[in-house]
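These notes are about the structure you will find just below.
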Amino acid sequence: MEKLFGLPINNILYGSLGALALGLMLLMIVALRNRVQFKMGVRNITRHPAQTSLIVLGLMLATLLISAALVTGDTMSYSIKKTALKKLGNTDIIVKVKGDGKGGNVFVGGGKAQATDTYFSEDKYSKIKNALSGSKLIDGITPIITEQVPAVSPSSRQNVPNVTALGVESGYSTAMGPITDKDEKKLDIGGLGKNKVYINVEAAEKLSVNKGDEIQLFYGTRPHTVKVAGVFKDGGRPSSGPALVMQISDLQTIIGKAGKYNEVLISNKGDEIEGAKLSKDVVNKIKPAIQGTKLEAQTVKEKALKDAEKAASTFTSVFLVFGEFSMAAGVMLILLIFVMLAAERRSELGTLRALGSKRHDILKIFVFEGTVYAVLAAAVGAVLGLGVGWGMVKVMAKAFSSVDTFTLAYHFNPKSLVISYAMGVVTTFLVVFASAWKAGRVNIVRAIQGIPEPKKSGKASKSLILVIALVILGIVMVPAGLKARQAALFDTGVSFIIIGLPLLAHYLHLSERAAFTIAGIGLLVWWLKPEGVLQKIIPSMPELKSGMEMFFLSGIAVVAGAIWAVMYNSDILLSVVTTLFGRMKGMPPMLKIAVNYPMKNRFRTGMALAMFSLIVFTMVFMDTILPAFFSIYNNVDRLSGGFDIQASTGYANPITDISQALDKKAKYISKDNFKAIGSTVMAGAELRQKGAKSKKWIPYAIQGVDDGYTKNVSYRFVMRSSEYNTDSQVWRALRKNKGYAVVYESLVPAKTNYNMGDEKPNFMLSGFYQGDKKLPDVYIEVKDPAMGKISRLKVIGVLETWAFYTYNSVITSQDTLKRMVSTPVVPTTFWFKVKNGVNVNKAAKSLGKAFYENGMNTSITADTIHQSMQAQMMIDNLLQWFMGLGLVVGIAALGVIASRSVVERRQQIGMLRAIGFRRGMVQNTFILESSFVAILGIIIGSALGLGLSYNAIKFIAKGMQGIEFAVQWRSVLGIAVLSYVASLLTTYLPARQASKVYPAEALRYE
Amino acid sequence: MVISNNGKTAGVELSRDIIIRTSNLQKTYDTGEVKVNALKGIDFEVKRGEMVAVMGPSGCGKTTLLNCLSGIDEPTGGEVIIEGKSLYKMRDGARTDFRANKMGFIFQFFNLLPVLNVVENIELPLLVAGMKPREARKRALAMVDMAGLAGQAAKRPAELSGGQQQRVAIARALANEPAIVWCDEPTGNLDSETQDEIMDILCKLNKEKGQTFVLVTHSSEVGARADRIVKMRDGRIEEHVMNGVRGCGEAVRTTN
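Heads up: the sequence lines are chains A and B, in that order.
Position in the first sequence (first residue = 1) + 516 = the numbering used here.
Position in the second sequence (first residue = 1) + 2 = the numbering used here.
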């Protein structure tokens, strides 16, 4: 992985390593000058091995999450690269006719865009070769022909509709690498006789043929028989899937293109990856040779590697963004652990202070100790993260298993390990420093005697300055957010004011409880306000742009608000709990203690509650949002446009009229099986929006649809031209009028950016937004890449996101397309809607059989949609569980608090035992105490998760009709039970320990 | 009652008046390396309604004796009989219940739960004994008044003075009307004025309610307020001193 959050990974590496090295170096200098404090700090580590292990385990969680997210990205990067390299081999640059196969990033449903004439003459190749002759930049150049052809084995009667046929020269192996069989033996292309081919293992298996067998290739209507001279395992690139290699002259004869090629492959100097770096220089050298021709040089390897990086970066970013809550909880846990540690050492620290140690000495002792923990914990976390990442990759591999051409292989870059380690140490160190600072500020006498510190008035002048600064910052951020139309800036500003004003009032006369309650409820009201309510109150309020950052911000804000409101009004909660459970036999005394203790220890309970609530919040939020999306997948018709079968053919032997063709194939399948048949075709063109700022022509494919398609398709529109009231009117207008188009929703800019993975289309419209009430007059200018002719398309509708098979498309009628491009508009994709009672599977198989010489490949739309959903669901579930890892943090926090409570309350436990608390009662009191915090966290987290997801779904539903809010009670309950049971496990041991406290001994410690 | 030499009680028929009796009570602390004989065979009786002060130098075994008598520390030998029941023949749970119903505790450092307010601290043993919450609250509020803490019921221990905190502890110890109240240095953490106040309350309760008090103390003033002083040294009872008129400091002394 080369980039993360847009920053080069090397910069992140050097930055985090620099911070780590600087910090450690400074510490070393301080340690050398303060050896006594260093020894005192470090000796604590070996003195309590069990405690050290627990602390290390607690501290490592944040690092573990970073490491796991990075390793997932590394795996993606590695696997995509590997797949790309497998397909391209040594090929770095391909010179071919402009627009050939350039469909933008349009979904497979449209098929590959057709270019004018993809062939060029031998002399053009010679010019390119001459331009590079003697160049030290390349180590190979060769012309080829690549065509997709249907192949049939007469002996086995098996057929493969899309075999990549490569016609190569004898010098191919020298330039692009050898073709080898399963024994790594090189197969000689020069020695390949006439009408002889080498086929790859995949093609051989699919056709059930071997060396010496004959196969038939279909180009046009006539079959061409060739003989298998060998089966190759490696080489024969660029190709993926079933492939065969033959002498270029043979293929030229079959396709009738004597003396012509359709690609020139160039291999740069250097290995498979390093060579790509020279691509720009090589292309510059070729430029004069191809200037003025219809050829262009595509830097395929460089692009493939960049795409791999982009995908990896996206994956890592997604996991890191969604892991933010867990990391925040991890940081809180580190703070909690060190604050507890300071509390435990309070009397020791007081004694040290009494003996003459200064505050900064105490700070140093703690920092030395904490740094050692940080160094150890980050190492454990980084390594365990690799393990967690491995598990995640295993799940992801299952999600990708339906993609034949892609295999996910676990891989990690040592850089990631170093980054997660350095980031883990630095984060832990900063938190340790902050808590150590606090630890040094003890009252010596109170610390020695174990008397609690007096409650601060909370009105220190330093705090007042902070509060005033917070309000001022908020006041500055609100107009700035409005000006920049940034929701994050605006909402954060408002939140600062909501927090700051009551706290400011506290300095005047308002009670602390009232101030924090108002601030907490204020935050909840602001962030959970119903969608669009602000615009209703202030009609001039502009719509603001928002993105994934809002998820994190809103989560933190609502959880903080809820925790303040709860912690400062604990008495209400107490009376509710006592009323509810106080009548249960034996409960009152235990309940009284179990509820009072956490509620009176605001800091630690607040922290534990925040951690627990945050994680439960994220899990419930995701658990509500995701099924809302997936529920749409159950409506197959909505996603498939109502068609049951998608069939695609190659260009080698196209079907010009499917209806007539079906009549001829009646012995295989009758036309009567189908209720509707439509066809689509992709044509390469160059597009730009009329009147848009950018005048640049963007190569992009247009999809042409026939009448059968527009009459029967059921895809819906989210925006329509004002003259059309229904979706069918739009489709009718597209059919009846020339010069009209509809576009997929992603081509329209969005005000929000919650998109974490999908790439934006190369061609985007502007001047209006998704969700706008009116579709303005928008025109797309279309340039025929071959002839340069410019035409115009009026956009009359924007297709909804669920129009699965129109992903990123610009769609017009085939008649319009024919007028705009010089390419022959021959349908390559056919859509079939079967009549009631017809078996879709059988129909699809029969179609494949009937049109095998046309290379027809059929798929059942419901299956494709289902597979897509399954893979997506698996990834999303994985994401959810990754977020759930944070639960470990919350649970660990409860365990830490419970353990600490047993030590702190030893004497009180002794007293309780003396006045009649049985052992079991002591144990249950501790369990009840943790349960109270856990259950409160679960309730707060679930309520906030449901509240925020309700708003989010309402917001999303504005642009995606059909998404509905529904509480997944079973899953929410599952999350609650899992969280609670896990928290019980960590509390059980300390609780048991408490029950074993011997009263006389406990009371002896005064 | 006849007091014999070596602190041994002899010739006493166990009557209904005797509420506490120990025979050959021993306690040895074994740290693995060192064995400390904290109690070296104590024979001891306390009459119902008696106020006994156990005194002696630090480390003589006073608190250990109190802990063994009250059932919160298991002796290594001998027997403790409270109200005719052998304390250490009971299982831990039964002994705990016995404590909850029959005993009250007052400690030097009050040992109030800091997170509970005055009335909640007082009602805790009542709830433990199984009293209904409403009834417990009523009784606890009455105890608040009894302890002279009217108007302080909603305050937390940290908001009270040491004397007030000990009053809360007394109220808590007496709330469920125990037969015996164990007091470990009840005034050890208080100034002399407050000490007198606290002792006044204890003496008054002892007199009015007839509850038995066993006090461990260093203070001779506190000892002087008891019916009897048991002096200990090196894990043995050295001397019993009967105070003739309670509170006036006169004593009937029996020595070895």
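For each residue, glycine too, the CB sits at the ideal point set by N, CA and C.
9 Å Cβ cutoff, residue i in contact with chain A
i, result
"I74 of chain B", "yes"
"E122 of chain B", "yes"
"R101 of chain B", "yes"
"T66 of chain B", "yes"
"N39 of chain B", "no"
"R174 of chain B", "yes"
Beta strand (DSSP E) segment containing residue i, residue limits
i, result
"G1220 of chain A", "1214-1221"
"W1 of chain B", "Outside the shown range of chain B, which is 3 to 258, sits residue 1 of chain B, and nothing can be said about it."
"M57 of chain B", "53-57"
Simplified DSSP state of residue i, which is helix, strand or coil
i, result
"C205 of chain B", "helix"
"G574 of chain A", "helix"
"Q807 of chain A", "coil"
"F1367 of chain A", "coil"
"M133 of chain B", "coil"
"V1354 of chain A", "coil"
"S1325 of chain A", "coil"
"A1124 of chain A", "helix"
"E179 of chain B", "coil"
"L1044 of chain A", "coil"
"I1185 of chain A", "coil"
"V1483 of chain A", "coil"
"A1516 of chain A", "helix"
Within 9 Å, strictly: CB atoms of residue i and residue j
i, j, result
"V611 of chain A", "E818 of chain A", "no"
"A1408 of chain A", "L529 of chain A", "no"
"L1462 of chain A", "T1140 of chain A", "yes"
"K1206 of chain A", "R1308 of chain A", "yes"
"I1218 of chain A", "F1346 of chain A", "no"
"A1035 of chain A", "G1077 of chain A", "yes"
"V1314 of chain A", "L1291 of chain A", "yes"
"L580 of chain A", "L900 of chain A", "yes"
"T680 of chain A", "G775 of chain A", "no"
"R271 of chain B", "A1430 of chain A", "The structure shown does not extend to residue 271 of chain B, since chain B is modelled only from 3 to 258, so the question has no answer here."
"A1366 of chain A", "L1178 of chain A", "yes"
"Y1240 of chain A", "N1278 of chain A", "no"
Unbroken alpha helix (DSSP H) run spanning residue i, endpoints
i, result
"K826 of chain A", "816-838"
"R563 of chain A", "551-563"
"P1104 of chain A", "1103-1116"
"T1172 of chain A", "Segment: none, T1172 of chain A is in no alpha helix (DSSP H) and carries neither H nor E."
"Y1285 of chain A", "Careful: Y1285 of chain A lies outside any alpha helix (DSSP H) and carries neither H nor E."
"L1155 of chain A", "1152-1156"
"I878 of chain A", "875-915"
"F1068 of chain A", "1065-1083"
"H740 of chain A", "Element bounds for H740 of chain A: not the alpha helix (DSSP H) but the beta strand (DSSP E), 738-748."
Residue i at chain B interface by Cβ criterion, 9 Å
i, result
"Q1423 of chain A", "yes"
"L1519 of chain A", "yes"
"I1413 of chain A", "no"
"N483 of chain A", "The shown model of chain A, from 517 to 1522, leaves out residue 483 of chain A, and the question about it has no answer."
"Y1514 of chain A", "yes"
"N1112 of chain A", "yes"
"A1430 of chain A", "yes"
Any chance the segment 1148-1160 of chain A sits against the segment 1225-1235 of chain A, with 3 or more Cβ pairs inside 8 Å?
yes
Within 8 Å, do at least three Cβ pairs link the segment 137-157 of chain B to the segment 116-124 of chain B?
yes
Should the segment 158-178 of chain B be called in touch with the segment 98-108 of chain B, which here means at least 3 C-beta pairs below 8 Å?
yes
What residues in the segment 112-139 of chain B bring their beta carbon closer than 7 Å to a beta carbon of chain D?
Protein chains A and B are contained in the structure displayed, whereas chain D is not.
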